[in-house]
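In this note's numbering, the protein residues as written are 11 to 492.
This is how it looks when you write it as structure tokens:
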């Protein structure tokens with residue numbers, strides 16, 4: 011044990027931060043038999059439901075009406091009725107947050123409020139307590155261990171958002187004890203990318219972590235300028251969707267395996283890949299993940315559905331069957347080659363808010379658009395904004411020399427959206443030097459500005475991703491299809 015690890019443990023003890031104990035309890039669950047894991051998860055879920063019924067005003071009638079809590083005088087939980095609990099929306103959390111807070115029970119101890127905005131830019135206030143905080147940090151450290159990065163080993167974290175000075179000052183001691191260097195880049199001029207590579211090469215970290223888009227820009231700069239990167243033990247992506255071709259590029263540029271962590275600001279880390287297979291393993295003792303069809307039934311492996319999550323460790327503000335706005339595909343049911351028996355997610359295919367809406371109300375997954383653009387010649391960056399069901403605005407940043415294929419790309423892009431959204435779809439273009447990131451630091455490649463009221467609801471026809479567009483031989487030559 012290094013001096014950093016000893017000092018970190020002492021600091022946690024002084025702060026009454028139990029996340030290392032939570033971590034120790036989580037580790038064995040990764041390889042539990044399915045029956046034992048299900049029993050442990052159901053025990054935690056039943057406890058959360060009884061707590062929410064007794065202590066959180068918002069849920070009392072909701073759980074009784076659904077039949078998941080029976081007998082008001084001596085409450086009991088019937089988990090066979092859990093699917094009848096209405097889905098919780100972000101708008102409900104925003105408007106009725108006060109009713110979602112624990113007013114009388116265990117969740118009040120050490121409770122504090124935090125405001126999250128995510129990619130939507132619409133702030134939502136979430137209440138946590140020490141128990142929730144400990145589980146969120148424990149899961150984060152657990153996922154880092156999967157990539158081979160133990161607590162206290164050198165780590166470089168990239169972020170597109172620069173926190174306020176006070177926030178950075180508060181976090182500095184913890185980052186130092188964890189041996190973590192944080193680099194911020196709301197904008198990415200060449201000198202900053204060069205400096206980041208210098209930091210990575212001097213520090214020789216075990217892990218480099220950051221949004222997929224930021225890591226991609228670092229890798230692209232290194233390749234374009236011939237700057238070698240000293241290989242870390244692992245690269246971990248987070249915050250943004252990781253496409254297979256991006257993962258392959260990062261693997262080549264950094265000379266290290268690429269891991270993908272999935273989570274939200276409200277719920278913390280939810281799932282992470284293991285390095286053996288593309289699937290992401292869910293932290294089942296902290297999160298119950300449902301991937302649902304339009305009719306509310308669970309999706310089968312290979313089907314795309316909406317992600318709904320119950321946070322099992324937040325008793326201060328229970329989030330039960332919370333619609334986080336993502337589309338995903340359930341993972342296979344058989345154990346992974348890594349030996350973990352946890353439930354898994356095969357693919358997060360995009361956000362509902364960033365899916366496109368056809369004129370008939372059906373959603374088109376944002377991943378369909380992203381996969382298409384990755385094969386386009388001469389483009390460094392892109393963003394597609396849907397203004398109406400039959401109008402998309404395409405913003406493009408071309409690589410040096412990309413202007414030479416501009417006309418061919420524009421024609422094929424227009425045909426793509428007319429195939430996906432209808433022949434009458436209007437496609438407008440804008441060519442920029444750089445596309446700005448969100449205030450949160452995230453970069454959205456697809457943005458839907460159609461009002462929520464005009465999109466499919468939780469029980470309307472849900473998104474079947476369109477199949478690949480059939481391109482002619484001429485189109486493939488124009489697109490530089492590989």
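Don't be surprised by glycine CBs; every beta carbon is placed ideally from N, CA and C.
In this text, all values refer to a predicted model and were calculated from it rather than measured experimentally.
| query | result |
| --- | --- |
| Among 188, 320, 408 and 268, the one whose alpha carbon lies nearest that of residue 225 | 268 |
| For residue 320 and residue 302, believed in contact at Cβ under 8 Å, the rounded distance | Not quite, the Cβ-Cβ distance comes to about 13 Å (not below 8 Å), so this is no contact. |
| Residues sharing a beta bridge with residue 391, DSSP | 407 |
| CB of residue 388 within 7 Å of CB of residue 409, strictly | yes |
| Three-state secondary structure (DSSP) of residue 201 | helix |
| Residue(s) in a DSSP beta bridge with residue 186 | Bridge partners of residue 186: none, in fact. |
| C-beta atoms of residue 59 and residue 318 nearer than 7 Å | no |
| Run of the alpha helix (DSSP H) containing residue 250, from where it starts to where it stops | Element bounds for residue 250: n/a, residue is neither H nor E. |
| Reduced DSSP category for residue 274 - H, G, I as helix; E, B as strand; rest coil | strand |
| Best match in 184, 216, 230 and 192 for proximity to residue 204 [C-alpha to C-alpha] | 230 |
| Burial state of residue 337, where buried means 16 or more other Cβ atoms lie within 10 Å | buried |
| Residue 40, buried or exposed, once every other Cβ within 10 Å from all chains shown has been counted against 16 | buried |
| Neighbour-count burial assignment, residue 157, 16 or more Cβ in a 10 Å radius | buried |
| Boundaries of the alpha helix (DSSP H) in which residue 15 is found, first to last residue | 13-25 |
| Element boundaries [alpha helix (DSSP H), containing residue 154] | 140-156 |
| Proximity below 7 Å, CB of residue 493 to CB of residue 107 | Past the edges of the chain, shown from 11 to 492, lies residue 493, and the structure says nothing about it. |
| Alpha-carbon spacing of residue 165 relative to residue 207, whole angstroms | 13 Å |
| DSSP-derived helix/strand/coil call for residue 426 | helix |
| Nearest neighbour of residue 241, chosen from 255, 270, 209 and 272 [CA to CA] | 209 |
| First and last residue of the uninterrupted beta strand (DSSP E) at residue 340 | 332-340 |
| CA-to-CA distance, residue 221 to residue 305, given in whole angstroms | 33 Å |
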